[in-house]
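Input: a single structure, listed below in structure tokens.
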Amino acid sequence: MSIRSLLRHVGIGIADDQKIMVGDRVVDEGVPVRAVPTEAQQAERLKYISDRYTYHPPTEEQITKYGSLRTKVKELAFLIEEVCPDSEEKAAAFASLDLTLMNANASIARHT
């Protein structure tokens with residue numbers, strides 16, 4: 038979205054030949070629009086980052102859920118080992134299982 042169309046979208050009337058200024062410089066129409074977060078938005082983003090990368094000690098309920106997931110993923114891993122020939126695709130399937138388990142565990146850790 039161009040700066041001109043963004044301004045029009047938010048209800049600011051601007052003529053096609055009118056220059057768009059930011060501070061003391063003319064804004065180039067070819068430069069993509071990048072929103073500058075408000076202080077509140079930046080504070081919320083920093084809190085999100087902090088929460089996302091903070092260790093969350095597991096509760097007993099979470100430990101049970103982790104175990105259930107590991108059991109099912111392990112069952113599927115053994116099935117893949119049994120029925121799939123050795124190949125790049127089989128290796129990718131195991132890598133995908135690792136990623137699936139990791140993301141499922143992260144979901145439990147962060148949201149329960």
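38 is the number of the first residue of the sequence shown in the working numbering; add one for each residue after it.
Ideal placement from N, C-alpha and C gives every residue a C-beta, glycine not left out.
Span of the alpha helix (DSSP H), counted from its first residue to its last, around residue i
i	result
residue 137	125 to 148
For residue j and residue i, believed in contact at Cβ under 8 Å, the rounded distance
i	j	result
residue 57	residue 41	7 Å
residue 140	residue 106	That belief does not hold up - the Cβ atoms of residue 140 and residue 106 are roughly 10 Å apart, past 8 Å.
residue 93	residue 45	At roughly 45 Å, the Cβ-Cβ gap does not stay under 8 Å, so residue 93 and residue 45 are not in contact.
residue 136	residue 110	Going by Cβ atoms, the distance from residue 136 to residue 110 rounds to 11 Å, so no, they are not a contact pair.
C-beta contact flag for residue i and residue j at 8 Å
i	j	result
residue 49	residue 103	no
residue 112	residue 149	no
Nonlocal neighbours in the same chain, by C-beta distance under 8 Å from residue i, ignoring five residues either side
i	result
residue 114	131 and 134
residue 60	none
Close Cβ partners of residue i (< 6 Å) along its chain, the five nearest in sequence each way excluded
i	result
residue 121	127
residue 63	56
Chain-order list of residues whose beta-carbon lies under 7 Å from that of residue i (same chain, five-residue window excluded)
i	result
residue 84	none
Alpha helix (DSSP H) runs contained entirely in the stretch 39 to 120, provided each spans 4 or more residues: Listed in chain order, they are 40 to 46, 76 to 89 and 97 to 120.
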